[in-house]
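Structure record follows, encoded as structure tokens.
Number of protein chains: 2
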Amino acid sequence: MGVAERKIRHKEQVRGAILQSAWKIATEEGWQTLSIRKIADAIEYSVPVIYSHFENKEAILLEFTKEGFTLLTQELLKVKESEQEPGCQLVKMAKAYWNFAFENKEYYQLMFGLGMPACEMVNTVPEMKTFTDVMISSISAAIAQSKNPEAEVFMKYHAYWSILHGLVAIQMIEKSAYPDEFKQKVLQDAIEGFVKGIGG
Amino acid sequence: MGVAERKIRHKEQVRGAILQSAWKIATEEGWQTLSIRKIADAIEYSVPVIYSHFENKEAILLEFTKEGFTLLTQELLKVKESEQEPGCQLVKMAKAYWNFAFENKEYYQLMFGLGMPACEMVNTVPEMKTFTDVMISSISAAIAQSKNPEAEVFMKYHAYWSILHGLVAIQMIEKSAYPDEFKQKVLQDAIEGFVKGIGG
DNA sequence: CTATTATTTCTAACAGCGTTAGCAAAGATA
DNA sequence: TATCTTTGCTAACGCTGTTAGAAATAATAG
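As structure tokens, this is what we get:
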């Protein structure tokens, strides 16, 4: 009997509508103004229905955060595999990271930005763990074949990620938007300088 | 007649109590949980009294943000004046920036962190403008006497500040706290590498 | 010292938020 | 058709920032 299947199908349909509406509201008005009641209005259901799909508001945000980390990790892996030399890998990955951030501001702001996540979750949420693993392994490879193999891997990893995040964060805050070529050059200079620093 | 003076004195006393209580609550429970009602309770006045001293909640936060930028700028200038060579200046300023962030987490999180400010205010609030001016002038000096005088000043300034902010931001998020020596070394390596990148 | 005026302060409310208990309606089963 | 299960809703709790308007206090004038 297809009754149970239909119910499940409907349930997932509503779940999808919740996420879809949440995303729409967030992109139109920002994550800050997203509220459960707005989502309820959008999906034309009452508020408690949402709580039968998600434990709380944070769980909805976490859904997108995980999605964002999955997407970013995919981009990084794609670029990484297209390049053999670890140093070039890092430079290209930095560029991919940069592009992701500015082509998916909504994701990035949620992942690293204004609010809750990315603190205790870095090691508990699998999607984030995968992301950090990719970062660590790439940096490790670059260090391994460098002239400073005794370099502390985690320190270098931290510095690399920090620089990336910092570049993106400040550029996001900046209102007086520079031309994209400028921004690209900032990134390239900084990362190449850093990679050289690791290498020698 | 000292009646007007006494009134003003009392008014500023209340204003001080508001800021003092707000700071106490923020340091004890975090900026996120700070509320007007909590402040009102703490100063033993009713809520609307606070609105006769500050236009809204954001104005209270802005007060501390400005204070933070003033303090940070002072630290940076102090270090800057103790060193002639522009390259060394940048390295020392980075260290001072770093120390400020971790010795004044409440300030830093408010200045760059989780929420509202630092977006449109960078050029409108004088205290922030002063800060960015110090950053720009220092970097400009380093570039001027470098072998790449044609370097775009603002790009380099952005990269420098970005790296600093990124290093701090990621380290603040990180739970598995590395020893302080490690962190210091991360900073030093990254900044020295960057300054070398500017210089040659 | 009293009456009037100006100032200060408070009560109470509005509109919004996340969250949940308990009831009504609709669906599935016997 | 009657029973039971699931689903969804109404309404509330306690919190938030903010403000209108009344009450209490303080300063001034007669």
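In order, the protein sequences belong to chains P and C.
In case it helps, the numbering used here puts the first sequence at residues 775 to 974.
In case it helps, the numbering used here puts the second sequence at residues 775 to 974.
Where a beta carbon is used, it is the ideal one built from N, C-alpha and C, also for glycine.
Cβ separation of residue i and residue j, assumed to be a contact under 8 Å, to the nearest whole Å
i, j, result
"P/Leu-845", "P/Tyr-881", "7 Å"
Spatial distance of residue i from residue j (CA atoms)
i, j, result
"C/Ile-799", "P/Ala-796", "32 Å"
"P/Ile-792", "P/Arg-780", "18 Å"
"P/Gly-842", "P/Glu-901", "9 Å"
"C/Arg-811", "P/Thr-807", "22 Å"
"C/Ser-950", "C/Phe-876", "Because the pLDDT of C/Ser-950 is 49, which lies under 50, any placement of that residue in the model is unreliable, and the number read from its coordinates should be weighed accordingly. Taking the straight line from one Cα to the other gives about 15 Å."
"C/Ile-813", "C/Cys-862", "44 Å"
"C/Ile-834", "C/Tyr-825", "10 Å"
"C/Met-890", "C/Ser-809", "Bear in mind that the predicted position of C/Met-890 carries a pLDDT of just 38, short of 50, making it unreliable; the figure below should be weighed with that in mind. Roughly 15 Å separates the two Cα atoms."
"C/Glu-849", "C/Phe-874", "8 Å"
"C/Thr-904", "C/Val-865", "20 Å"
"P/Ala-816", "C/Ala-816", "40 Å"
"C/Glu-832", "P/Glu-786", "40 Å"
"P/Ile-782", "P/Gly-776", "10 Å"
"P/Gly-940", "C/Glu-829", "32 Å"
"C/Cys-893", "P/Leu-851", "For C/Cys-893, the pLDDT reaches just 49, beneath the cut-off of 50, and the residue's location in the model is therefore unreliable, although a value from the coordinates is still provided. Answer to the nearest angstrom: the Cα atoms are 32 Å apart."
"C/Ala-778", "C/His-827", "17 Å"
"P/Lys-869", "C/Ala-915", "29 Å"
"C/Ser-856", "C/His-784", "42 Å"
"P/Gln-858", "P/Glu-955", "26 Å"
"C/Gly-790", "P/Glu-803", "36 Å"
"P/Thr-847", "C/Ser-820", "51 Å"
Identity of the residue in the options nearest residue i by Cα
i, options, result
"P/Pro-822", "P/Leu-836, P/Glu-855 and P/Val-788", "P/Val-788"
"P/Glu-837", "P/Leu-851, P/Tyr-819, P/Val-899 and P/Leu-850", "P/Val-899"
"P/Pro-860", "P/Glu-802, P/Ser-911 and P/Phe-874", "P/Ser-911"
"P/Lys-854", "P/Gly-776, P/Gly-940 and P/Val-908", "P/Val-908"
"C/Trp-805", "C/Gln-883, C/Asn-830, C/His-784 and C/Glu-955", "C/Gln-883"
"C/Glu-818", "C/Glu-829, C/Gln-794 and C/Asn-830", "C/Gln-794"
"P/Thr-801", "P/Ser-856, P/Lys-879 and P/Asn-830", "P/Lys-879"
Proximity below 8 Å, CB of residue i to CB of residue j
i, j, result
"P/Pro-839", "P/Met-885", "Correcting the residue type first, residue 839 of chain P is Thr in the shown sequence and not Pro. Yes, the pair counts as a contact, with Cβ atoms nearer than the cut-off."
Heavy atom of the ligand COA within 7 Å of residue i beta-carbon
i, result
"C/Leu-835", "Inclusion of the ligand COA in the displayed structure is not the case, the ligand content being empty and no account of it being possible."
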